[in-house]
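Scroll down for the structure; my scribbles are underneath it.
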Amino acid sequence: MNKTIFERAVLDRLLVEKNFSLLIDADQHDLDLPNEEDWQRRLEQSEPDSWEANFLAYLHERDQHLESLPIVGGELTQSVIQRGEAIIWSPDKIAIPALRELQQYAKRILVKIDGLNTQIILITDANYPRPNKALLIQYANAVRQKVVASFELGKNNLHSVSITVLMLGEIDNDVRHFAKQNTKRMGMDRNFIHYVCVDALHEHIWTPTPIRSGSIKQVIKATFSSLDHRLETLFNHYNAVTVSWPRIVLSGLGAFIITTAMNVMVASFDIGFLSMLSRILVPTLVFVIAFATMKNRTQAYKQIMFSLLIYLTLLLAMLFYFSPPGNFGEWLNLAQLLFLTSMPALIIGRVLEITR
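Residue numbers (my numbering): 1 to 356.
Printed below as a string of structure tokens:
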């Protein structure tokens with residue numbers, strides 16, 4: 001697959017399907033000064049005693065130029081725009097100036113923020129200067145402070161920052177060694193550094209963290225297998241199924257059947273809390289499996305709510321048929337069961353929407 005086509009296609013998929021926001025895109029803005037060649041010529045011709053002053057003046061003008069570029073700022077939302085007859089998705093920008101200097105290492109920087117973590121993806125070339133672990137940890141700490149302060153999230157140490165470096169190019173031993181040496185899988189500082197190496201020409205992926213990088217690997221494989229990389233096609237395909245009624249009905253029925261079977265199995269043990277636990281955890285687990293696997297999870301909460309309604313209707317019908325409540329205490333126990341069954345599933349629905 002052509003490297004340039006792949007780079008743009010995987011960027012579009014991360015923006016549309018994974019809900020990232022675009023911070024820096026080298027294709028949209030020229031990061032060099034308009035008079036970059038003049039400055040380089042002036043520096044080359046500078047005398048030793050004036051070179052430092054000229055270089056500082058160059059850095060000052062370059063910083064002013066970077067600050068003038070409309071690549072940072074905006075709301076943490078996505079928007080849909082009409083372009084002719086086609087409705088396409090338009091990525092908004094995000095304000096994290098602490099990441100601006102990373103543009104020397106990556107042509108494209110993507111960011112996604114929720115209450116618990118910040119995810120950053122650097123799309124770079126294997127031949128570019130490679131950002132190592134120590135450097136990325138510094139940026140991760142700076143980003144955490146900015147995000148926590150901006151969104152009033154509370155304690156710094158509860159917010160994790162994950163940086164994934166997507167390195168494009170030939171995957172040789174040097175690239176593999178660098179990725180292994182600089183990967184950071186865990187730590188008390190809540191910083192995580194991952195490297196994903198992609199040879200687009202031969203459609204090959206390698207990463208030292210295959211499980212933690214599973215989500216982006218899935219996006220890359222989908223890009224390789226797709227025959228149409230137009231943004232309009234991607235957006236329309238992504239939004240083709242936002243609510244799946246077969247999935248809703250089957251998950252509701254499945255939760256009821258599996259829960260009933262579990263209750264029959266644990267009845268012989270005569271452990272009351274085990275039966276209650278199965279009625280709470282089993283439907284929640286079924287709903288997670290059913291709706292976490294959807295490509296578009298923007299309506300996950302709504303779908304889980306309908307599935308939960310089907311499950312509770314069947315459960316109440318069975319309970320009233322075999323042993324209807326006879327006193328206030330039994331009605332209270334029933335209300336408690338409904339509450340404890342519903343809340344975890346609905347919370348999971350919100351989490352699936354936020355982390356899509």
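Even glycine gets a Cβ: it sits at the ideal position worked out from N, Cα and C.
Going by C-alpha to C-alpha distance, which of the options sits closest to residue i?
i, options, result
"serine 342", "Ala134, Ser225, Thr284 and Lys3", "Thr284"
"valine 10", "Asn182, Thr164 and Ala222", "Ala222"
"glutamine 303", "Lys112, Lys295, Leu312 and Phe291", "Phe291"
"lysine 146", "Asn327, Thr118 and Ile248", "Thr118"
"methionine 262", "Ser275, Leu253, Gly252 and Gly326", "Ser275"
"threonine 4", "Glu44, Val249, Leu316 and Arg108", "Arg108"
"tyrosine 311", "Leu253, Leu277 and Met188", "Leu253"
"phenylalanine 328", "Gln336, Ala255 and Phe322", "Gln336"
"threonine 355", "Leu315, Trp51 and Thr298", "Thr298"
"leucine 116", "Glu101, Ile193, Ala134 and Val148", "Val148"
"lysine 112", "Ile137, Lys18, Phe322 and Ala200", "Lys18"
"proline 129", "Ile216, Arg144, Leu316 and Phe178", "Phe178"
"leucine 281", "Ile258, Asn296, Lys295 and Tyr301", "Ile258"
"serine 213", "Leu136, Glu52, Val165 and Asn333", "Val165"
"threonine 124", "Leu135, Tyr58 and Gln104", "Gln104"
Taking 7 Å as the limit between beta carbons, can you name the residues of its chain near residue i, skipping five residues before and five after?
i, result
"alanine 140", "Val161, Ile163 and Asn191"
"valine 175", "Ala126, Met167 and Cys197"
"phenylalanine 20", "Leu14, Leu110, Val111, Lys112 and Ile121"
"tryptophan 331", "Pro325"
On the criterion of 16 or more Cβ atoms from any shown chain inside 10 Å, does residue i qualify as buried, or is it exposed?
i, result
"threonine 293", "exposed"
"aspartate 49", "exposed"
"glutamine 64", "exposed"
"glutamate 47", "exposed"
"histidine 159", "buried"
"isoleucine 347", "exposed"
"alanine 345", "buried"
"asparagine 182", "buried"
"serine 225", "exposed"
"serine 323", "exposed"
"leucine 231", "buried"
"leucine 339", "The sequence shown places phenylalanine at residue 339, rather than the leucine named in the question. That one is exposed."
"valine 264", "exposed"
"aspartate 27", "Reliability of the predicted coordinates at aspartate 27 is poor, the pLDDT of 47 falling under 50, and no value is obtained from them."
"alanine 106", "buried"
"histidine 194", "buried"
"arginine 144", "buried"
"tyrosine 321", "exposed"
Can you name, in chain order, every residue of its own chain whose Cβ lies under 8 Å from the Cβ of residue i, other than the five neighbours on each side?
i, result
"threonine 260", "Met318"
"phenylalanine 287", "Ser251, Ala255, Ile304, Ser307, Leu308, Ala345, Ile348 and Gly349"
"histidine 229", "Ile5, Arg8, Ala9, Asp12 and Thr223"
"serine 215", "Lys18"
Near residue i, what residues of its chain come up, given a Cβ to Cβ distance below 6 Å and the 5 sequence neighbours on each side ignored?
i, result
"proline 70", "Unreliable positioning characterises proline 70 in this predicted model, as indicated by a pLDDT of 48, which lies under 50. The coordinate reading is nonetheless provided below. Here the set comprises nothing."
"glycine 84", "Any reading at glycine 84 must be qualified, since the residue scores a pLDDT of 44, below 50, and its modelled position is unreliable; the value itself is stated next. Excluding sequence neighbours, glycine 84 sits near nothing in its chain."
"lysine 180", "Pro208"
"leucine 314", "Phe256"
"isoleucine 88", "Any reading at isoleucine 88 is ruled out, since the residue's pLDDT is 44, under 50, leaving its predicted position unreliable."
Residue range of the beta strand (DSSP E) that residue i falls in?
i, result
"aspartate 125", "117 to 125"
"leucine 191", "Residue identity differs from the one stated: residue 191 is asparagine in this sequence, not leucine. Start and end: 191 to 199."
If I follow the unbroken alpha helix (DSSP H) through residue i, where does it start and stop?
i, result
"valine 243", "Per DSSP, valine 243 belongs to no alpha helix (DSSP H) and is neither H nor E."
"isoleucine 216", "214 to 225"
"methionine 343", "328 to 354"
"methionine 318", "300 to 322"
For the ligand GDP, is there a heavy atom less than 7 Å away from the beta-carbon of residue i?
i, result
"alanine 142", "Questions concerning the ligand GDP fall outside what the structure shown contains, since it holds no ligand whatsoever."
- request: Please determine if the stretch 30 to 44 and the stretch 244 to 264 are in contact, where contact requires at least 3 C-beta pairs separated by less than 8 Å.
  value: no
message: With three or more beta-carbon pairs closer than 8 Å as the criterion, would you say the stretch 203 to 219 touches the stretch 167 to 185?
response: Verdict: yes, contact present.
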